[in-house]
Amino acid sequence: MNFICFDLEGPLSPQDNAYELMKLFPNGDRIFEVISRYDDLLTLEEREDYEPGDTLALIVPFLVLHNISEADIASLASKASLTGGVAKLVSWLEYSGWKVFCISTSYEQYAIHITQKLGIYAHNVACTSFPLDKFRITLCKEDDALLKQTEQDILTMSPVDDDKIK
2 MNFICFDLEG PLSPQDNAYE LMKLFPNGDR IFEVISRYDD LLTLEEREDY
52 EPGDTLALIV PFLVLHNISE ADIASLASKA SLTGGVAKLV SWLEYSGWKV
102 FCISTSYEQY AIHITQKLGI YAHNVACTSF PLDKFRITLC KEDDALLKQT
152 EQDILTMSPV DDDKIK
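Using my numbering, you'd call the opening residue of the sequence shown number 2 and step up by one each time.
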């Protein structure tokens, strides 16, 4: 039996899910760009115990602060386009006896929706479990104030100002 594994963002859908999620609230795109560059800098510096792509974890507090929900992620996924020709390719692969898998760091609410559009079974999808709605109850008023201040600090930065981001 042959099998093939695809990443989600790029090969299956051109949309950057995390970036699109952050755009759901004011200045979220700018915050994402700075955080994404911070992720790049930590990766280039080879910081111990830091994994490239941890941007998905770094944006969670801002999603919670702005009341982004799991339903918002699913809604975004329902509107996301597929990469040109991928539906035909996946269909042909499955018809030809291939097992098709998706391995992605994308949040599960996004990954499952996109792969379902392509007929890839949920049990063939490895992605990031993300109980976002549960995180909301863990935030207290002090956290809220700290996050708002952090957000304002980030908004003074530019994604091309590496020294200030560090």
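By construction, the Cβ of each residue, glycine as well, lies at the ideal position given by its N, Cα and C atoms.
- Extent of the continuous beta strand (DSSP E) to which residue 121 belongs: Counting along the chain, residue 121 falls outside any beta strand (DSSP E), and DSSP gives it neither H nor E.
- Message: So, under 8 Å CB-CB, residue 185 and residue 63 are touching, yes? Tell me the CB distance rounded to an integer number of Å.
- Response: Lying before the first or after the last residue shown, residue 185 is absent from the chain, which here runs from 2 to 167.
- Which value, in whole angstroms, describes the spacing of the CA atoms of residue 77 and residue 34? Those two C-alpha atoms are separated by around 19 Å.
- Task: Could you spell out where the alpha helix (DSSP H) holding residue 149 opens and where it closes?
- Result: Counted as a single uninterrupted DSSP element, the alpha helix (DSSP H) harbouring residue 149 occupies residues 142-156.
- Message: Tell me the rounded alpha-carbon separation between residue 15 and residue 125.
- Response: Each residue's alpha carbon lies about 20 Å from the other.
- Per DSSP, cross-strand counterpart(s) of residue 101: BP columns for residue 101 point to 5.
- Query: Which residue's Cα is closest to the Cα of residue 122: 139, 70, 102 and 69?
  - Reply: With distances taken between Cα atoms, residue 122 lies closest to 102.
- Query: How many angstroms separate the CA atom of residue 150 from the CA atom of residue 40?
  - Reply: In this structure, the CA atom of residue 150 is about 20 Å from the CA atom of residue 40.
- Item | CA nearest to the CA of residue 94, picked from 119, 111, 83 and 81 | For residue 94, the closest C-alpha among the options 119, 111, 83 and 81 is that of 119.
- Query: Roughly how far, in whole angstroms, is the beta-carbon of residue 13 from the beta-carbon of residue 115, given that I think they are within contact range, below 8 Å?
  - Reply: So it is a contact: roughly 6 Å between Cβ atoms.
- Out of 108, 153, 142 and 141, which has the shortest C-alpha to C-alpha gap to residue 131? Of the candidates 108, 153, 142 and 141, the one whose C-alpha sits nearest the C-alpha of residue 131 is 108.
- Query: Roughly how many angstroms lie between the CA atoms of residue 99 and residue 88, to the nearest whole one?
  - Reply: Those two C-alpha atoms are separated by around 14 Å.
- The alpha helix (DSSP H) with residue 35 in it runs from where to where? Residues 29-45.
- Task: Could you check what DSSP says for residue 71 in three-state terms: helix, strand or coil?
- Result: Three-state result, residue 71: helix.
- Message: Would residue 56 and residue 37 be called neighbours here (beta carbons separated by less than 9 Å)?
- Response: The answer is yes: Cβ separation under 9 Å.
- Message: Rounded to whole angstroms, what is the Cα-Cα separation between residue 146 and residue 68?
- Response: Whole-angstrom Cα-Cα distance: 15 Å.
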